[in-house]
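Visitor: Right, I'll just put the structure down here and ask away after.
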Amino acid sequence: MEPTDLSLLREQKNEITSHLIYAKLAAKTHAGKNADILERMSGDELRHYNELKEITGRDVAPSKGKIVFFYLISRLFGLTFGLKLLEKAEDDAVDVYGAMVGKYPRLKAFVEDEQTHELLLIDMIDEEKLNYMGSVVLGLNDALVELTGALAGFTFAFQNTRMIAMTGLITGISASFSMAASEYLSTRQEKGEQGEAVKAAIYTGIAYVFTVAVLILPYLLFGNPFVCLGVSLFLAVAVIFVFNYYISVVKDAPFRRRFIEMAAISLGVAALSFLIGMLVKNVFGIEA
């Protein structure tokens, strides 16, 4: 078998795998636009598999691990994220089919189908949490910038993990209520609907409290405050990485620039606050 035909067998395996993923998700999605689109995509992938089978003359088993992985990802992180991630994994299919259209003209329709899938996925972005992504961004950004800076300052000023954790927790929880209230008023003023304003406030508050919990956790686990600060800053960068990757997938937004910008701001504020904490400790003579 020619190397190009081996590529077709690989894509044949991907098609039957994607068919089963879409079918499994469609069965778990409430009847409506999203379920209809998933069923259509599932049918297209099955048709592709059968046509490729006519070309290769072979049956190919699906990838069970891939089915489980993308199903769980879609259930845990949202349908849009899971499907966008799956479509990114299938980007090579367009190149493979396009390169072999001359030998197998029917593959031209495959390329058109794959491109149509991407457009359909964009139309599917109607999950509630994506509609409030701006509120989540607000909560995460503010918590990361404010609390990393506060913890850095507290670490040098107090040098007591329990005191730092307690002070950071009080600061963080109080700030989360303040940010949620501000988001409520802002959304209420902008859109005028109380229901949307409440949901926006909830998303902002939850994102803030989650970030606070992650950043303070090291101070409850380790004894050395400077080790705690290092771990906390590492976790801050990890949260920034995961969140920006999520946004880059569901919104087709640039990842690297946003990640570097957000990480630089958080770490820069932390460094400045550390210096302020050093100054406060020396000026007021606070002892650990």
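Residue numbers (my numbering): 785 to 1072.
Where is the CB? At the ideal position from N, CA and C, for every residue including glycine.
Since this is a predicted model, take the numbers as computed values, not measurements.
Enumerate in chain order the residues of its own chain whose CB-to-CB distance from E829 is below 8 Å, with the five nearest sequence positions on each side excluded.
Guide: If we look at E829 and ignore the five residues flanking it on each side, its Cβ neighbours are E799, I800, S802, H803 and Y806.
Visitor: What is the DSSP secondary structure of G923, reduced to helix, strand or coil?
Guide: Three-state result, G923: helix.
Visitor: Go through its chain and collect everything with a Cβ distance to P787's Cβ below 8 Å, but skip five positions before and after it.
Guide: Reliability of the predicted coordinates at P787 is poor, the pLDDT of 44 falling under 50, and the value obtained from them is presented with this limitation in mind. So the list is empty, once near-sequence residues are dropped.
Visitor: Give me the Cβ distance between A936 and L1013, rounded to the nearest whole Å; I'm assuming they're in contact under 8 Å.
Guide: About 6 Å; that satisfies the 8 Å criterion.
Visitor: Based on Cα-Cα distance, which residue from S1016, R1042 and A1037 lies nearest to F1077?
Guide: Nothing about residue 1077 can be reported from this structure: the residues present for the chain run from 785 to 1072 only.
Visitor: Return the Cβ separation of T840 and L891 in integer angstroms, given the expectation that the two are a contact with Cβ distance under 8 Å.
Guide: So it is not a contact: roughly 12 Å between Cβ atoms.
Visitor: Is it the case that the stretch 870-889 contacts the stretch 949-959, given that we only count it when at least three CB pairs across the two stretches are under 8 Å?
Guide: They do not touch, by the three-pair rule.
Visitor: Which residues in the same chain have their Cβ closer than 6 Å to the Cβ of F1111, if we skip the five residues on either side of it in sequence?
Guide: With the chain covering only 785 through 1072, there is no way to say anything about residue 1111.
Visitor: Rounded to the nearest angstrom, what separates F1058 and Y1030 at their Cα positions?
Guide: F1058 and Y1030: Cα-Cα distance of roughly 30 Å.
Visitor: On the premise that K837 lies in contact with D843, defined as a C-beta separation below 8 Å, what is that separation, rounded to the nearest angstrom?
Guide: Going by Cβ atoms, the distance from D843 to K837 rounds to 7 Å, so yes, they are a contact pair.
Visitor: Whole angstroms are fine: how far does the CA of V852 sit from the CA of A1048?
Guide: Their backbone Cα atoms lie some 36 Å apart in a straight line.
Visitor: With a floor of 4 residues, list each alpha helix (DSSP H) that falls wholly inside the stretch 852-914, ordered by position along the chain.
Guide: Correct list: 863-873, 875-883 and 891-907.
Visitor: Return the first residue and the last residue of the alpha helix (DSSP H) that R842 is part of.
Guide: Unbroken run through R842: none, as it is neither H nor E.
Visitor: From the DSSP output, in three-state form, read off A1037 for me.
Guide: Coil, per DSSP.
Visitor: Roughly how many angstroms separate the alpha carbons of V1011 and M947, rounded to a whole number?
Guide: The straight-line gap from Cα to Cα measures roughly 15 Å.
Visitor: Would you decide whether T900 is buried or exposed? Buried here means 16 or more other CB atoms lie within 10 Å of its CB.
Guide: T900 comes out exposed.
Visitor: So, at 8 Å on beta carbons, what are the nonlocal neighbours of D926 in its own chain, with the 5 sequence-adjacent residues on each side left out?
Guide: These residues qualify, in order along the chain: A959, M963 and Y992.
Visitor: Exposed or buried, which one is K978 when buried takes at least 16 other CB atoms within 10 Å?
Guide: First, the residue type needs correcting, since residue 978 is Gln and not Lys in the sequence shown. Label assigned to Q978: exposed.
Visitor: Pick out whichever of A1055, I1044 and E823 has its Cα sitting closest to the Cα of L809.
Guide: Per the Cα distances, E823.
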